[in-house]
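Asks: Protein chains in written order, with my numbering: chain A, 6 to 264; chain B, 42 to 366.
I'd like to ask some things about the structure below.
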Amino acid sequence: MKILVTIKQVPDTATQVKIGGDGKQIDTAGITWIVSPYDEFAVEEALRIKEKRGQGEVVAVSLGPDRVKEALRSALAMGCDRAIHVNDPALAGADTLTTARVLAAVVKQEAPGLVLCGRQAIDDDMGAVGAQMAEVLGWPCASWIMEETIDGDGKTVKVGRQVEGGLEIFELPLPAVLSAQKGINEPRYPTLKGIMGAKKKEIKDLKAADLGVTAVTPELSISALEALPARPPGRIIPGEVKDSVKELVRALREDAKAI
Amino acid sequence: MAGAFWCVVEDDRKGQPKKVMAEVLGEAARLGGSVEALWLTDKATDDGLKQLGAWGAKKVWLIENAGLAPYRGEVWVPPVAELVAKENPKAILAPVTSRQREFMARLAAKLGVGLSADSVALAMNGDALVATRPIYAGKLLSKVTWAKQPWMATLRPNVFKPAEAQAGASAGVERVSATIPGAQMKFVERREEASTGLPELTEAEIVLSGGRGMKGPENYVILEELGGIIGAAVGASRAAVDAGWRPHRFQIGQTGRTISPKLYMGFGVSGAIQHLAGMRTSKIIVAVNKDPEAPIFKIADYGIVGDLFEVVPELTKEFKKLLEK
Numbered sequence: 006m007k008i009l010v011t012i013k014q015v016p017d018t019a020t021q022v023k024i025g026g027d028g029k030q031i032d033t034a035g036i037t038w039i040v041s042p043y044d045e046f047a048v049e050e051a052l053r054i055k056e057k058r059g060q061g062e063v064v065a066v067s068l069g070p071d072r073v074k075e076a077l078r079s080a081l082a083m084g085c086d087r088a089i090h091v092n093d094p095a096l097a098g099a100d101t102l103t104t105a106r107v108l109a110a111v112v113k114q115e116a117p118g119l120v121l122c123g124r125q126a127i128d129d130d131m132g133a134v135g136a137q138m139a140e141v142l143g144w145p146c147a148s149w150i151m152e153e154t155i156d157g158d159g160k161t162v163k164v165g166r167q168v169e170g171g172l173e174i175f176e177l178p179l180p181a182v183l184s185a186q187k188g189i190n191e192p193r194y195p196t197l198k199g200i201m202g203a204k205k206k207e208i209k210d211l212k213a214a215d216l217g218v219t220a221v222t223p224e225l226s227i228s229a230l231e232a233l234p235a236r237p238p239g240r241i242i243p244g245e246v247k248d249s250v251k252e253l254v255r256a257l258r259e260d261a262k263a264i
Numbered sequence: 042m043a044g045a046f047w048c049v050v051e052d053d054r055k056g057q058p059k060k061v062m063a064e065v066l067g068e069a070a071r072l073g074g075s076v077e078a079l080w081l082t083d084k085a086t087d088d089g090l091k092q093l094g095a096w097g098a099k100k101v102w103l104i105e106n107a108g109l110a111p112y113r114g115e116v117w118v119p120p121v122a123e124l125v126a127k128e129n130p131k132a133i134l135a136p137v138t139s140r141q142r143e144f145m146a147r148l149a150a151k152l153g154v155g156l157s158a159d160s161v162a163l164a165m166n167g168d169a170l171v172a173t174r175p176i177y178a179g180k181l182l183s184k185v186t187w188a189k190q191p192w193m194a195t196l197r198p199n200v201f202k203p204a205e206a207q208a209g210a211s212a213g214v215e216r217v218s219a220t221i222p223g224a225q226m227k228f229v230e231r232r233e234e235a236s237t238g239l240p241e242l243t244e245a246e247i248v249l250s251g252g253r254g255m256k257g258p259e260n261y262v263i264l265e266e267l268g269g270i271i272g273a274a275v276g277a278s279r280a281a282v283d284a285g286w287r288p289h290r291f292q293i294g295q296t297g298r299t300i301s302p303k304l305y306m307g308f309g310v311s312g313a314i315q316h317l318a319g320m321r322t323s324k325i326i327v328a329v330n331k332d333p334e335a336p337i338f339k340i341a342d343y344g345i346v347g348d349l350f351e352v353v354p355e356l357t358k359e360f361k362k363l364l365e366k
């Protein structure tokens with residue numbers, strides 16, 4: 006079975022992000038980039054499916070500028086077989102829907118049996134691309150999955166979707182789109198051999214035109230980025246535990262009216 | 042009617058809209074829209090319909106069909122897309138919940154419009170809607186606008202001011218006769234989580250969170266005891282979840298749940314950026330930590346530098362006294 010995994014390169018959580026000169030984008034100077042953690046769960050799950058079935062191919066796909074090659078290399082180092090890089094300045098302002106359409110076009114070209122993605126990317130936290138890709142493709146999808154089992158002949162997949170208060174178990178016909186939630190697995194670290202091998206694996210470059218995607222006008226645009234409003238200064242309550250707790254409870258009740 | 046603000050109903054799966062709908066309907070009214078609810082369910086109740094009216098819905102578009110439960114995007118999207126094409130709402134709003142998150146994304150793709158997910162503020166700027174949403178682990182806020190209507194947005198729970206229930210206000214119910222497509226996805230079963238008897242993390246007005254300072258899984262019982270008294274949910278930091286002390290569904294933070302309660306109290310939580318990403322929009326933040334340098338004190342409204350194992354039992358005692366009054 007061919008499995009396609011979509012990944013996104015995002016700033017490391019610990020990185021400082023600053024608003025850029027245009028006020029609409031961040032200043033990317035000095036940023037450490039990583040593969041969005043949820044996408045690593047997706048890559049890991051795809052590799053496990055391939056290993057369990059003893060055959061198949063895992064293809065990593067990403068959209069973005071030149072630096073995204075690095076994210077694709079890490080997916081290849083984890084064990085993906087090859088990668089596709091949609092690298093086109095015309096897609097720089099892509100919103101989730103444009104991204105979903107572009108990725109769906111890649112899916113149509115590749116015709117995988119399964120598409121895996123992370124539940125959301127940790128930069129813009131939209132969490133929309135997986136479901137939107139499924140809608141564009143007309144495929145069933147299950148989001149926030151905690152477990153999956155593909156049947157022997159690769160025709161259906163049984164998944165556990167995390168919802169409030171429990172797990173909902175569904176059986177989906179393949180092909181389908183699944184988005185991975187934390188807890189589904191523990192992603193592997195690339196081995197030295199994996200890292201060396203990744204350098205020889207293929208990363209195919211594609212332009213929007215190769216995918217039949219034209220005029221990219223975003224449906225949702227950022228008009229401004231803003232720093233967080235400062236929180237009012239806090240108060241450390243000193244004293245013996247008994248007294249400080251008494252004062253805290255009083256303050257929560259009377260000043261903050263929080264309880 | 043054309044130009045209405047539609048609020049997609051999140052219900053308790055038993056025919057009753059969830060409390061968070063008061064926030065969504067209240068916000069739609071505040072924006073000056075004609076407020077209407079859109080309810081997809083296998084079974085609506087009269088009480089539930091009345092409740093939506095009391096929270097300000099002038100009309101309820103009701104799509105009631107056994108095939109709609111449990112939620113599946115492929116089944117929900119087509120009838121709604123059909124209705125949207127006919128009625129041309131100005132905006133479609135929904136609370137952030139597991140199904141609305143996916144449904145709204147799929148519907149936006151079907152309609153070919155933008156979606157602002159997990160919005161924390163909405164405002165009219167002339168004739169245009171502007172949404173505010175946290176990005177980059179909550180380190181920045183982004184303002185977003187739409188190229189065309191309907192404007193679609195999901196709203197973070199506990200952030201928007203709820204509508205006050207108006208007794209006697211009622212909504213006109215419009216039953217929609219739509220074709221419900223058959224599902225490719227087959228429902229197998231629902232596995233309930235062991236109930237803690239405490240509120241759900243993302244819905245709770247008060248959340249207690251235990252970090253690495255809890256020292257082990259056995260100690261969360263003291264937080265659960267306090268939670269039972271003040272009606273709080275109990276969550277955990279990533280450090281505690283990764284150590285295997287709490288199941289992942291209790292994790293607060295970037296790779297866990299995003300919460301915005303009225304009151305957040307962190308015990309032995311250091312306040313790493315990825316934790317703050319999941320709770321920094323809480324209204325009041327309390328931190329209890331032995332380490333006076335813990336970053337969480339920087340965003341806390343109230344802090345106690347001390348041993349949580351002394352502070353928590355004392356808090357339980359004090360709150361018990363207070364609430365017994």
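Backbone N, C-alpha and C define an ideal beta-carbon position, used for all residues, glycine too.
Quick one: what does DSSP say B/Asn106 is sitting in, helix, strand or coil?
Replies: Position 65 of the second sequence, counting from 1, holds the residue named residue 106 of chain B. Of the three classes helix, strand and coil, the one that applies to B/Asn106 here is coil, per DSSP.
Asks: So, does the CB of A/Gln167 fall closer than 9 Å to a CB anywhere in chain B?
Replies: Taking the first residue of the first sequence as 1, we reach residue 167 of chain A at position 162. Yes, A/Gln167 lies at the interface with chain B (some Cβ there is under 9 Å from its Cβ).
Asks: Going by alpha carbons, who is nearest to A/Ile241 out of B/Ile345, B/Val282, B/Ile271?
Replies: Mapped onto the first sequence, residue 241 of chain A falls at position 236. The option with the nearest alpha carbon to A/Ile241 is B/Ile345.
Asks: Hey, quick one: how far does the alpha helix (DSSP H) through A/Phe46 stretch, first residue to last?
Replies: Along the first sequence, read from residue 1 onward, the residue named residue 46 of chain A stands at position 41. Looking at the DSSP string, the run of the alpha helix (DSSP H) that includes A/Phe46 is 42-58.
Asks: I need the straight-line Cα distance from B/Asn330 to A/Ile189, nearest angstrom please.
Replies: Here residue 330 of chain B refers to the residue found at position 289 of the second sequence. Here residue 189 of chain A refers to the residue found at position 184 of the first sequence. Cα to Cα, B/Asn330 sits roughly 31 Å from A/Ile189.
Asks: A/Ala99: buried (16+ other C-beta within 10 angstroms of its C-beta) or exposed?
Replies: Within the first sequence, numbered from 1, the residue matching residue 99 of chain A stands at position 94. Label assigned to A/Ala99: buried.
Asks: Checking 9 Å against the spacing of the C-beta atoms, do B/Glu418 and B/Ala224 come in under that value?
Replies: This structure gives no information on residue 418 of chain B, because the portion of chain B shown stretches from 42 to 366.
Asks: Quick one, which of B/Leu66, B/Leu264, B/Pro111, B/Ala45 has its alpha-carbon nearest B/Gly56's?
Replies: Counting from one through the second sequence, the residue named residue 56 of chain B turns up at place 15. Of the candidates B/Leu66, B/Leu264, B/Pro111, B/Ala45, the residue whose Cα lies closest to the Cα of B/Gly56 is B/Pro111.
Asks: Got a sec? Which residues, its chain only, sit under 7 Å from B/Leu163 by beta carbon, not counting five neighbours each side?
Replies: Along the second sequence, one-based indexing puts residue 163 of chain B at 122. Within the same chain, B/Leu163 has close Cβ partners Glu68, Leu72, Leu170, Ala172, Ala194.
Asks: So, are the CB atoms of A/Ala65 and A/Trp38 less than 9 Å apart?
Replies: As a working note, residue 65 of chain A is residue 60 in the first sequence. As a working note, residue 38 of chain A is residue 33 in the first sequence. No, these two residues do not count as a Cβ contact at 9 Å.
Asks: First and last residue of the beta strand (DSSP E) that includes A/Leu225?
Replies: Locating residue 225 of chain A in the first sequence gives position 220, where the first residue counts as 1. Looking at the DSSP string, the run of the beta strand (DSSP E) that includes A/Leu225 is 225-232.
Asks: How about A/Gly143 and A/Gly135: do their beta carbons lie closer than 9 Å?
Replies: Here the question's residue 143 of chain A lines up with position 138 in the first sequence. Here the question's residue 135 of chain A lines up with position 130 in the first sequence. No, the Cβ-Cβ distance between A/Gly143 and A/Gly135 is not below 9 Å.
Asks: Mind checking if B/Gly179 is an interface residue toward chain D, Cβ cutoff 9 Å exclusive?
Replies: Looking for chain D here will not work: the only protein chains present are A and B.
Asks: With DSSP collapsed to three states, give me the class of B/Gly89.
Replies: Locating residue 89 of chain B in the second sequence gives position 48, where the first residue counts as 1. B/Gly89: helix per DSSP, three-state reduction.
Asks: Sort A/Glu169, A/Tyr194, A/Gly59, A/Glu191 by Cα distance to B/Ser139 and report the nearest one.
Replies: By one-based count along the second sequence, residue 139 of chain B stands at place 98. Ranking the options by Cα distance to B/Ser139, first place goes to A/Glu169.
Asks: Look up B/Ala40 in the DSSP assignment and give the residues it is bridged to.
Replies: This structure gives no information on residue 40 of chain B, because the portion of chain B shown stretches from 42 to 366.
Asks: Give me the Cα-Cα distance between A/Ile89 and B/Trp286, rounded to the nearest whole angstrom.
Replies: Mapped onto the first sequence, residue 89 of chain A falls at position 84. Mapped onto the second sequence, residue 286 of chain B falls at position 245. Near 39 Å, if we compare the C-alpha coordinates of B/Trp286 and A/Ile89.
Asks: Closer than 9 Å, Cβ to any Cβ of chain B: which residues of the stretch 136-147 of chain A, in chain order?
Replies: Ala136, Gln137, Met138, Ala139, Glu140, Val141, Gly143, Trp144, Pro145, Cys146, Ala147
Asks: Using 8 Å for Cβ pairs, my map puts A/Lys23 next to A/Asp32. What's the rounded Cβ distance?
Replies: One-based indexing of the first sequence puts residue 23 of chain A at position 18. One-based indexing of the first sequence puts residue 32 of chain A at position 27. Indeed they touch by this definition, with Cβ atoms about 5 Å apart.
Asks: State yes or no: is the beta carbon of B/Leu287 nearer than 9 Å to at least one beta carbon in chain A?
Replies: Locating residue 287 of chain B in the second sequence gives position 246, counting from the first residue. Note on residue identity: the sequence assigns Arg, not Leu, to residue 287 of chain B. Not closer than 9 Å to any Cβ of chain A, the Cβ of B/Arg287 fails to qualify, so no.
Asks: Taking the alpha-carbon positions, what's the B/Lys33 to A/Ile264 distance?
Replies: This structure cannot speak to residue 33 of chain B, because chain B is shown only from 42 to 366.
Asks: Which runs of the beta strand (DSSP E) spanning at least 3 residues fall entirely within the stretch 328-358 of chain B, listed in chain order?
Replies: 343-346
Asks: Given a cut-off of 9 Å, decide if B/Ala135 and B/Met145 are closer than it, judged by their beta-carbon atoms.
Replies: Position 104 of the second sequence, counted from the start, is the residue given in the question as residue 145 of chain B. Position 94 of the second sequence, counted from the start, is the residue given in the question as residue 135 of chain B. Going by C-beta atoms, B/Met145 is nearer than 9 Å to B/Ala135.
Asks: For chain B, is any of its Cβ atoms less than 9 Å away from the one on A/Met83?
Replies: In the first sequence, residue 83 of chain A corresponds to position 78, counting from 1. Cβ-Cβ to chain B under 9 Å: no for A/Met83.
Asks: For a minimum of 3 consecutive residues, which ranges assigned as the beta strand (DSSP E) are wholly contained in the stretch 97-185 of chain A?
Replies: 119-123, 146-155, 161-168, 171-178, 182-185
Asks: If you run the structure through DSSP and keep just helix, strand and coil, what is B/Gln57?
Replies: Your numbering for residue 57 of chain B matches position 16 in the second sequence. DSSP, reduced to helix, strand and coil, places B/Gln57 outside both helices and strands of the structure shown, so it counts as coil.
Asks: If we define contact as Cβ-Cβ less than 9 Å, is A/Gly239 a contact residue for chain B?
Replies: As a first step, residue 239 of chain A is located in the first sequence; it is residue number 234 there, counting from the start. Yes, because at least one Cβ of chain B sits closer than 9 Å to the Cβ of A/Gly239.
Asks: Within 10 angstroms of the Cβ of B/Ser160, are there 16 or more other Cβ atoms? Answer buried if so, exposed if not.
Replies: Taking the second sequence and counting its residues from 1, the one referred to as residue 160 of chain B is at position 119. Buried.
Asks: Count the CB pairs spanning the stretch 267-276 of chain B and the stretch 232-251 of chain B that are closer than 8 Å, and state whether there are at least three.
Replies: The answer is yes - the stretch 232-251 of chain B touches the stretch 267-276 of chain B, with three or more Cβ pairs under 8 Å.
Asks: Quick one: does A/Pro178 have its CB under 9 Å from some CB of chain B?
Replies: Here residue 178 of chain A is taken as the residue at index 173 of the first sequence, counted from 1. Judged by the 9 Å Cβ criterion, A/Pro178 is in contact with chain B.
Asks: List the residues of chain B that A/Gly188 touches, going by C-beta distances under 7 Å, in chain order.
Replies: Counting from one through the first sequence, the residue named residue 188 of chain A turns up at place 183. Listed along the chain, the chain B residues whose CB falls inside 7 Å of the CB of A/Gly188 are His289.
Asks: Which residues, taken in chain order from the stretch 192-215 of chain A, show a beta carbon closer than 7 Å to some beta carbon of chain B?
Replies: none
Asks: Give, in chain order, every residue of the stretch 97-115 of chain A whose Cβ lies closer than 8 Å to some Cβ of chain B.
Replies: The residues in question are Asp100, Thr101, Leu102, Ala105.
Asks: Count the CB pairs spanning the stretch 36-53 of chain A and the stretch 185-203 of chain A that are closer than 8 Å, and state whether there are at least three.
Replies: yes
Asks: Starting from B/Tyr261, follow the alpha helix (DSSP H) in both directions and report where the run begins and ends.
Replies: Mapped onto the second sequence, residue 261 of chain B falls at position 220. Per DSSP, B/Tyr261 belongs to the alpha helix (DSSP H) from 261-271.
Asks: Is there a Cβ from chain A that is less than 9 Å from the Cβ of B/Leu72?
Replies: Working through the second sequence from its first residue, we reach residue 72 of chain B at position 31. No - not a single Cβ of chain A is within 9 Å of the one on B/Leu72.
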